[in-house]
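First up is the structure itself, then whatever we jot down about it.
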Ligand SMILES: [Zn+2]
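In this note's numbering, the protein residues as written are 117 to 407.
Next up, the structure:
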């Protein structure tokens, strides 16, 4: 472990999950990431995780243990549960190569475990969202959307939404009810109860599928049983001039900063022609935005 003056350098397409009183920072697109599928150098490079402790304000660098670290270092999906951080998919760094394995990282022991190996069951991809939700005493990792390589077999829209049961560690294609989102990438999602999450924005394919269109829809998704996810789309204002609503965007961030409050904070992102420089509060009782 090294302490003191700390230089992280430029990183993009990473996540910064919080566990307890620390932020953990792994992978991402960095100038010195080896852009090969797999090599001893790449594994060594990805066997390091950075940690910021809120109490001291110190960054420290740690060597990880256990199985191989994930190799999809760029734009992976990420979420937490207790002391574990989960990683899914990611872009490899070379050619059109994406991953779809699921790995967990224990923030106490710094140990990686492979939960589900690479398979053809789900699309290999980056730029989607993952949340951990609970139904009837079992926890599920819930993977949504993203962008990646075309699957060898056709998959319906809803097959870009999958779950992994923490108990049986298998891919599950859930039953979808309500108004589900279209295939979407580069959105933001935040859990608001143990079985409900809020999703905002992102990019969806145009009708001719040749380009992406940015959106500013709010969706809620709720795990209703061990195999059913109910979606609702929250419409924008009926009288647009009278109600504030954020512009369409992707690559933004959303989080919950006030404990025990149903209010979320959404920040920045990339709009149609330029970066968006604003921040909003979303009240999830009424689904009202305020600046
Ligand atoms: Zn590769």
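Yeah, the Cβ is synthetic: ideal placement off N, Cα and C, and Gly gets one too. Owing to the predicted nature of the structure, the values given are computational and were not obtained by experimental measurement.
- Ranking 213, 193, 133 by CA distance to the CA of residue 204 puts 193 first.
- Using a 10 angstroms sphere on the CB of residue 195, the tally of other CB atoms reaches 16 or more, which defines it as buried.
- The beta-carbon distance between residue 181 and residue 140, rounded to whole angstroms, is 15 Å. This is too long to meet the 8 Å contact definition.
- Distances taken from the Cβ of residue 153 to the heavy atoms of ligand 1 include one shorter than 7 Å.
- Placement of the Cβ of residue 213 at a distance of less than 7 Å from at least one heavy atom of ligand 1 is found.
- In the assembly as shown, residue 199 is an exposed residue. Its beta-carbon has fewer than 16 other beta-carbons within 10 Å.
- Distance from the CA atom of residue 239 to the CA atom of residue 394, rounded to whole angstroms, is 33 Å.
- Pairing residue 161 with residue 224, the inter-Cα distance amounts to about 20 Å.
- Minimum Cα-Cα distance from residue 236 among the listed residues 226, 219, 222, 214 corresponds to 214.
- The C-alpha of residue 294 is placed about 16 Å away from the C-alpha of residue 342.
- Residue 210 has its CB nearer than 7 Å to a heavy atom of ligand 1.
- Residue range 304 to 309 is occupied by the beta strand (DSSP E) that includes residue 307, with no alpha helix (DSSP H) assigned at that position.
- CA-to-CA, the gap between residue 242 and residue 186 works out to about 13 Å.
- Nearest to residue 333 by alpha-carbon distance, out of 323, 209, 403, is 403.
- For the 8 Å CB-CB criterion, residue 386 and residue 365 form a contact.
- Remark: C-beta atoms of residue 301 and residue 209 do not approach each other more closely than 8 Å.
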